[in-house]
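Chains as they are written, first to last, in the numbering used here: chain A, 41 to 500; chain B, 41 to 500.
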């Protein structure tokens, strides 16, 4: 039996078999038993090997020695591909070997026949990948990252691993995590004069990055087009289904960018191209995730041109419809999610809101030369999730940057970037998990990341 | 002029022009002036746009209005491609527009004509990408990551973003960074009974990950084949040119792995395939980096089969040659870098050292059933860098795991993975920067990562 398994060990995994094999092919598969049905002559096993959300049936003769096959166990099966009455491929196995026992009755939290709510599944984080919708979600996440890397490489961008340890807190929001060695001995051993003990390792206060943008900009002045798809961290006390303490940001910077319309065009083309690619590589897993979260499986925003409107226009639309809004309009704080979704519905398409009041946006955004109260910023608003991307032209004039009232201290280096060959640049950032929520329809961000970290929860 | 630049704005970047254009083509380029030579009738500009380490020459008529063109400035040039006397393409420009002034005389730390040592360049981290060898290194780093993602996707692995915030310190080495919110107010606001104040956010002590392996294993039991290419952190007081406080680990896990030889085979094929791909996509940048670090440009290990030897055999080789070694042999601590390089030279090829003494290796490695003092572990030793990969079969028996004297507390979940359907698994980890040092010949690890973090240094 062992011999047979090894002999066949080159055979593909189930996803591959479904695509490339044909009836009559002899092969072996290995996987977890998801379900067992025993009829008079045969036992029917649903097998999953992690490669697909499709069920794959293995038919084995009902013999005493196959009587112990149970959900959760891992088997190797050798046999021939046949077409089942429903048209699917199935494996008619002449030999089955048990590789490991399921032992699900000994405290396993999931029932193979029951659909558990995501909140319950999340409580058993270390076993969660064995649940079909979580595995499908992880495959989609992988293919979405792959599609982004492929697209950006094709467009000649250089991926930069922006640092996660940093001495600046970027937008100065204050919601940062602080980092220091755990060992008091190490701190003592490394301490230098006039440095507080907890800062001994780096000789300064060090935080976890909230965005890679500023570092990406530094690299853009040598490489022209750069991007990052890196973890970012926020120490917020938020229980929202749209926020995590540790999440991933996709950020890109482009030299020689002088027009907001070009940035909007780039983002629209990139998101449409990446999503179309994802539909090609993960169509089945995407549908599975969408069905599982009871959401709509067509993504109408792929088919229509996206809109651009100014902040003033957007504000006017909201003011004219304020009776339909759940939240009051604020002139100091941007739009609420409810307002963002209203604007998307009003436009019948995703919409870039541009030309924002300067006082609502960070210090690095380019000030309009014709109206210093406005900056060349954009927010991309999408159905279901609201704001998906934020971007801007960056202020290229070192004198204007330097006199900005909110320029953080210790960012002399950032001003320096513009001093020598300060070419116009611009870029954007996108919360990667929010994108995954958009395409899969998953309601809670904690279910689109393998190991969610949020207030009062850092399991494993 | 602005009109012309926009009209031509679809033209490729220099790397693309060198590959796809032909003499006589009209086009525009944008980039930084690296060098200026003025002859009687013409001015010769070396232009770099971040896309290649090749110099690209722009020839402009020597006119009074072109007199201000200087290194560091950014220009747009419009003209026709011609072949220079040395056979290279060059652009004969009829129009040149200055997009931003260089102002290098106002404190810029690098001289355009001088080759600065990497230690000096590193002191000016924010401007470093403008130095040719650093830009080349960053492009190589990007293409190496791309090659890894492509290979692993092609082999049907699922990329998992293993968490960077974790409550376990993996191998229990103690050299971990601790994480907590910077805001005392937030800590107070979130504090719960019986939780120390600094742990308020997550209700437990949280560290930065030193390895994604354990989390990756949890995902492997649902997905079958997984990998991660993620940041990892170590709070060591090491000034070594092979260590950083923040670095990248490439780790993979495979279900149904029962033989060390198959793991060694996978690693060898993967590294050869990824490196050959890198030579295809980045040959020029690789040579540039190698020349810049005075290292050998052929990688002879691509051409030969790699060796496997047991720990006992390796020890015997070293003992027979102890007079040639710089460091004494230890029976408790593995090999020194000097000894590793001796073994590689002795074998005339990269070598996998397998079957290690159990007491030298972590708790999760599979104990040999025929000799409980040995574990199924491998170290891959390479020329120049020594150990590049470490891997093992993982202990699949929950009872053996549970009774391991060094099983960290709070890892009940890890034992649980084996309890239900505990299929045999195995995997490896590779320091990504060490791989980059191997292929580029760069001596100091601080020069293969965009923003190096090490003791007493966390700039920007």
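For every residue, glycine included, the Cβ atom is placed at its ideal position computed from N, Cα and C.
Given the structure is predicted, the values throughout are model-derived calculations rather than measurements.
- Residue 53(A) sits close to residue 89(A), with the two beta carbons spaced by under 8 Å.
- Within chain B, not a single residue places a beta-carbon under 7 Å from that of residue 160(A); the smallest gap is close to 16 Å.
- Against chain A, the CB of residue 91(B) has a partner CB under 8 Å away; the residue lies at that interface.
- Comparing alpha carbon positions, the residue from 60(A), 349(A), 368(A), 478(A) closest to residue 416(A) is 349(A).
- In terms of Cα proximity to residue 269(B), the closest of 428(B), 188(B), 411(B) is 188(B).
- Listed as beta-bridge partners of residue 135(B) by DSSP are 118(B).
- In terms of beta-carbon proximity, residue 259(B) lines the interface with chain A, with at least one pair separated by less than 8 Å.
- Of the residues 467(B), 474(B), 488(B), the one whose Cα lies closest to the Cα of residue 259(B) is 467(B).
- Interface annotation, residue 95(B): not in contact with chain A, CB-CB separation never under 8 Å.
- For the region 49-75 of chain B, residues whose beta-carbon sits nearer than 9 Å to a beta-carbon of chain A comprise 49, 52, 53, 55, 56, 70, 71, 72, 73.
- DSSP, read as helix, strand or coil, puts residue 238(A) in helix.
- In this structure residue 159(B) is exposed. Its beta-carbon is surrounded by fewer than 16 other beta-carbon atoms within 10 angstroms.
- At least 8 Å separates the beta-carbon of residue 254(B) from that of residue 241(B).
- Contact annotation: in the region 458-479 of chain A, residues whose CB is within less than 7 Å of a CB in chain B are 459, 460, 461, 462, 463.
- Rounded to the nearest whole angstrom, the C-alpha separation of residue 129(B) and residue 95(B) is 10 Å.
- Distance between residue 421(A) and residue 347(B), taken at the CA atoms: about 56 Å.
- Cβ atoms of residue 256(B) and residue 298(B) stay farther apart than 8 Å, at about 18 Å.
- Between the region 132-142 of chain B and the region 444-453 of chain A, the count of C-beta pairs closer than 8 Å stays below three; the two stretches do not touch.
- The three-state secondary structure of residue 500(A), taken from DSSP, is coil.
- Listed along chain B are 217, 218, 219, 220, 275, each with a C-beta nearer than 9 Å to that of residue 220(A).
- Separation of residue 248(B) and residue 223(A) (C-alpha to C-alpha, rounded to the nearest whole angstrom) is 13 Å.
- With its beta carbon at least 8 Å from every one in chain B, residue 233(A) lies outside the interface.
- Between residue 303(A) and residue 198(A), the CB-CB gap reaches or exceeds 8 Å.
- In summary, residue 105(A) is exposed, with fewer than 16 beta-carbon neighbours lying within 10 Å of its beta-carbon over all protein chains present.
- In the three-state reduction of the DSSP assignment, residue 154(B) falls in the coil class.
- For the pair residue 359(B) and residue 369(B), the CB atoms are nearer than the 8 Å cut-off.
- At a beta-carbon threshold of 8 Å, none of the residues of chain B lie near residue 156(A); the nearest stands roughly 14 Å away.
- The C-alpha of residue 152(A) is placed about 13 Å away from the C-alpha of residue 461(B).
- Taking a beta-carbon distance threshold of 8 Å, residue 453(B) counts as an interface residue toward chain A.
- Taking all protein chains in view, the Cβ of residue 208(B) is crowded by 16 or more other Cβ atoms within 10 Å, so the residue is classified as buried.
- Within the region 193-209 of chain B, the residues whose Cβ lies closer than 9 Å to any Cβ of chain A are, in chain order, 193, 196, 197, 198, 199, 200, 201, 202, 203, 204, 205, 206, 207, 208, 209.
- In the structure shown, residue 331(B) falls within a helical segment according to DSSP collapsed to helix, strand and coil.
- Looking at the backbone, the Cα of residue 321(A) and that of residue 437(B) are separated by about 36 Å.
- The distance from the Cβ of residue 261(B) to that of residue 169(A) is about 6 Å, consistent with a contact at the 8 Å cut-off.
- Distances from the alpha-carbon of residue 324(A) to those of 275(A), 497(A), 177(A) put 177(A) closest.
- Ranked by Cα distance from residue 464(B), the first of 434(B), 328(B), 283(B), 453(B) is 434(B).
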